[in-house]
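Here numbering that gives the first Met the number 0 is used: position 45 in the sequence shown is 44, and no number is missing along the way.
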Amino acid sequence: MKILIIDYKPGKGLADIYTAATASGHQVIVAAAEDSTDTRLHTDIHIGNSIDRAMHRFIGYLSDSYNLHSTRPTSTLLNRIVTINPDIIHIYNVEEPYLNLPLLAYVLTQYKIPTLITLGNPDNIYRNKRALIKRISHNSNIFTGTFASWDLLHLAFREKICAGHEIAAFHPGYYIDPVNPASSYCQIYEAMG
Numbered sequence: 000m001k002i003l004i005i006d007y008k009p010g011k012g013l014a015d016i017y018t019a020a021t022a023s024g025h026q027v028i029v030a031a032a033e034d035s036t037d038t039r040l041h042t043d044i045h046i047g048n049s050i051d052r053a054m055h056r057f058i059g060y061l062s063d064s065y066n067l068h069s070t071r072p073t074s075t076l077l078n079r080i081v082t083i084n085p086d087i088i089h090i091y092n093v094e095e096p097y098l099n100l101p102l103l104a105y106v107l108t109q110y111k112i113p114t115l116i117t118l119g120n121p122d123n124i125y126r127n128k129r130a131l132i133k134r135i136s137h138n139s140n141i142f143t144g145t146f147a148s149w150d151l152l153h154l155a156f157r158e159k160i161c162a163g164h165e166i167a168a169f170h171p172g173y174y175i176d177p178v179n180p181a182s183s184y185c186q187i188y189e190a191m192g
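Written out as structure tokens, the structure is:
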């Protein structure tokens, strides 16, 4: 299978997944906003630039609207996704300001690409505790609606308690084994493929 993994700044966790998936015979492509901190990885697709991320972070802090900006970098990434035509997309990190999730969801639904999102705390998708203007209910409605209408979406949780979150009600959810997360992800890829 051809797997595209999207991360903000790939590190050891993603490098372990990359190693396990390639050992299982999968082709893995890495898309990232910043270069990897692990020498086992190199970024195949760069997402946006430092100015895009700074603007996303500033607007997100101002208006509590993380994951609703970075339209240009997300559009560029989507163009590359359509060209690459992966079998599975794994968004390993959605808690940093570098993607426009509603735009990503809309296009990936249109192209019917199975997508896995790893969530540490689902509340972090729509809640920024440091924002000047709090729009928790508004953002919750946006992301609950986005996830509800996102066909072929799968969710991976780092904590079992998060599997009961309202965002998880519409799609298959998986718990990632903290002892061997790379193996857990490979099993999920096989189940999705």
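From the three backbone atoms N, C-alpha and C, an ideal C-beta is built for every residue, glycine too.
Under a three-way DSSP split, which group does residue i fall into?
i	result
Y30	For the sequence presented, residue 30 should be read as Ala rather than Tyr. Three-state result, A30: strand.
G12	helix
A181	helix
I132	coil
T38	coil
Y60	helix
Y174	strand
L115	strand
H55	helix
I166	helix
I160	helix
Here's a check: name, in chain order, each residue in its chain whose Cβ is nearer than 8 angstroms to the Cβ of residue i, leaving out the five neighbours to either side.
i	result
L40	P9, L13, A14, Y17 and V29
Q26	M0, K1 and I2
P177	R157
D150	T108 and K111
T36	K8, P9, G10 and K11
S182	A19 and D176
Taking 7 angstroms as the limit between beta carbons, can you name the residues of its chain near residue i, skipping five residues before and five after?
i	result
N120	C161
M191	I87, P113, L115 and H153
N123	E94
R52	A32, P96 and Y97
Name the DSSP bridge partner or partners of residue i?
i	result
D6	A31
I44	A30
Tell me the residue span of the beta strand (DSSP E) that contains residue i.
i	result
L151	Premise fails: L151 is in no beta strand (DSSP E) and is neither H nor E.
H89	I87 to I90
Mind checking if residue i is an interface residue toward chain B, Cβ cutoff 8 angstroms exclusive?
i	result
H153	Going by chain labels, chain B is absent from the structure shown, which holds only one protein chain.
Tell me the residue span of the alpha helix (DSSP H) that contains residue i.
i	result
I124	From DSSP, I124 is part of no alpha helix (DSSP H); its letter is neither H nor E.
I83	T70 to I83
V106	L100 to Q109
Grab me the residues of residue i's own chain with a C-beta within less than 6 angstroms of its C-beta, minus the 5 sequence neighbours each way, in chain order.
i	result
D34	T42
Y125	N138, S139 and F142
Y173	A155 and I187
Y184	I16
A130	Y60 and D63
N92	D6 and Y7
- Looking at C-beta atoms only, is the number of pairs between the segment 169-176 and the segment 139-150 that lie closer than 8 angstroms three or more? A contact exists between the segment 169-176 and the segment 139-150.
- If you pair each beta-carbon of the segment 94-112 with each one of the segment 64-79, do three or more pairs fall below 8 angstroms? As far as the Cβ criterion goes, the segment 94-112 touches the segment 64-79, which means the pair count is three or higher.
- Message: With three or more C-beta pairs closer than 8 angstroms as the rule, is the segment 118-135 touching the segment 54-68?
- Response: The segment 54-68 is in contact with the segment 118-135.
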